[in-house]
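According to this note's numbering, the stretch in the sequence shown is residues 212 to 489, in order.
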Amino acid sequence: MLDMFVAHEIKVAPTLYIFGDSTFDVGTNNFLNSKTKADSPYYGIDFHNSFPTGRFSNGLNIADQIARQFGYKKSPPSFLDLETLEYSFKLNIMLGVNFASGGSGILRYTGYKQWGEVIFLEKQVDQFALVRENITNTLGPEKAASFVSKALFLISIGSNDLYDYEHSESGVYHLGKEENLAVLQLNYYTYIRKLYELGARKFGILSIPPIGCYPAVTSTNEGNCVKPLNDFSVAFYKATQTLLQKLSLELEGFEYSLGNTYAMFTTMLKDPLVFGKH
Numbered sequence: 212m213l214d215m216f217v218a219h220e221i222k223v224a225p226t227l228y229i230f231g232d233s234t235f236d237v238g239t240n241n242f243l244n245s246k247t248k249a250d251s252p253y254y255g256i257d258f259h260n261s262f263p264t265g266r267f268s269n270g271l272n273i274a275d276q277i278a279r280q281f282g283y284k285k286s287p288p289s290f291l292d293l294e295t296l297e298y299s300f301k302l303n304i305m306l307g308v309n310f311a312s313g314g315s316g317i318l319r320y321t322g323y324k325q326w327g328e329v330i331f332l333e334k335q336v337d338q339f340a341l342v343r344e345n346i347t348n349t350l351g352p353e354k355a356a357s358f359v360s361k362a363l364f365l366i367s368i369g370s371n372d373l374y375d376y377e378h379s380e381s382g383v384y385h386l387g388k389e390e391n392l393a394v395l396q397l398n399y400y401t402y403i404r405k406l407y408e409l410g411a412r413k414f415g416i417l418s419i420p421p422i423g424c425y426p427a428v429t430s431t432n433e434g435n436c437v438k439p440l441n442d443f444s445v446a447f448y449k450a451t452q453t454l455l456q457k458l459s460l461e462l463e464g465f466e467y468s469l470g471n472t473y474a475m476f477t478t479m480l481k482d483p484l485v486f487g488k489h
């Protein structure tokens, strides 16, 4: 993911605009009428004073860790958090924004039945459109376009869509797996292209982890991963790879790096001692 910046010898850290689900959420859901929140113990137990921040982790999450690779201390704040500070909103949005919402997905109805209010990807992109409008008002059209083109757009989403598909008998879930995957990718394509139309040029995409190894799954399977679910995760990665290749051919200046989260997680599961597990 860092390669595109190293290759271009960019020495100034890019502004980060972050989209996705609980892997990237840094407090968005604290502002929502949602059943999925990380605002209580023991979330955040490794933060200063063990304070739960809305991250679905014991401390910093993946968005924070990526931000740290670019020299930031952590992820930029959530859009809904920044919205509460009207006097500084226009300045802060040019320092980066996190739109990610735990429980959300590529599809607008993903997570809604189980969790209530979540901010799905389309709405996250709409929030960025508002950010883009404010940047244009502040800098003017030409400088705003240049500014946004240099930013890095991080996206980590899709696992909730697949998990919901496997655990629901209603709605569009009557579709077969291949059809469902096609619907997901069509929507994903639409929203990434919308970000491009809003000026985004550099994308860092994380694919999904092995959903067949989620604790909620293994706990009902004698502690074992479920291979068909993991195969679904692999298929999603391959489809996303094809999607990004298509976009790079269609859109001038479109650059991307795709992280294989499935491979990362399975490597850790197979040899946890290498990664510090005691």
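By construction, the Cβ of each residue, glycine as well, lies at the ideal position given by its N, Cα and C atoms. Being a predicted model, the structure only gives us computed values, none of them experimental.
Reducing DSSP to helix, strand and coil, say where residue i ends up.
i: serine 468; result: strand
i: arginine 266; result: strand
i: leucine 455; result: helix
i: valine 359; result: helix
i: leucine 417; result: strand
i: asparagine 441; result: helix
i: phenylalanine 235; result: coil
i: serine 381; result: Per-residue confidence for serine 381 stands at a pLDDT of 48, beneath the threshold of 50, marking its modelled position as unreliable; the derived number appears in the next sentence. In this structure, serine 381 counts as coil in the three-state DSSP scheme.
i: isoleucine 366; result: strand
i: valine 308; result: strand
i: glycine 423; result: helix
Would you kindly work out how many angstroms separate the C-alpha atoms of residue i and residue j, rounded to a whole number?
i: threonine 234; j: serine 444; result: 16 Å
i: threonine 477; j: proline 421; result: 7 Å
i: isoleucine 368; j: isoleucine 256; result: 25 Å
i: lysine 324; j: leucine 440; result: 21 Å
i: leucine 291; j: arginine 319; result: 18 Å
i: glycine 238; j: serine 315; result: 13 Å
i: lysine 457; j: valine 342; result: 27 Å
i: serine 243; j: alanine 249; result: The sequence given here places leucine at residue 243; serine does not occur at that position. In a straight line, the C-alpha of leucine 243 is about 12 Å away from that of alanine 249.
i: glutamate 390; j: leucine 373; result: 12 Å
i: alanine 278; j: isoleucine 366; result: 13 Å
i: serine 370; j: glycine 464; result: 28 Å
i: phenylalanine 300; j: threonine 226; result: 15 Å
i: valine 437; j: glycine 282; result: 38 Å
i: serine 381; j: valine 223; result: Low confidence applies here, because serine 381 scores a pLDDT of 48, under 50, leaving its location unreliable; read the following figure in that light. So the two alpha carbons sit approximately 48 Å from each other.
Compare the Cα-Cα distances from residue i to each of the options and report the closest residue.
i: serine 468; options: Thr477, Phe476, Lys481, Thr453; result: Thr453
i: isoleucine 229; options: Glu328, Phe267, Phe339; result: Phe339
i: tyrosine 376; options: Gly423, Leu363, Ile403; result: Gly423
i: asparagine 435; options: Lys481, Met475, Val359, Ala474; result: Lys481
i: glutamine 280; options: Glu297, Ala450, Leu363; result: Leu363
i: asparagine 272; options: Tyr254, Phe414, Val336; result: Tyr254
i: isoleucine 416; options: Tyr425, Tyr298, Tyr448, Lys361; result: Tyr448
i: leucine 406; options: Glu328, Leu395, Ala356, Ser245; result: Ala356
i: asparagine 269; options: Gly322, Ala474, Phe258; result: Phe258
Decide if the region 404-420 is in contact with the region 341-361; the criterion is three or more beta carbon pairs, one per stretch, under 8 Å apart. yes
Check whether the region 305-315 and the region 280-292 touch, using three or more Cβ-Cβ pairs below 8 Å as the test. Yes, they touch.
Assess, as a yes-or-no matter, whether the region 262-282 is touched by the region 394-406 under the definition of 3 or more beta carbon pairs within less than 8 Å. no
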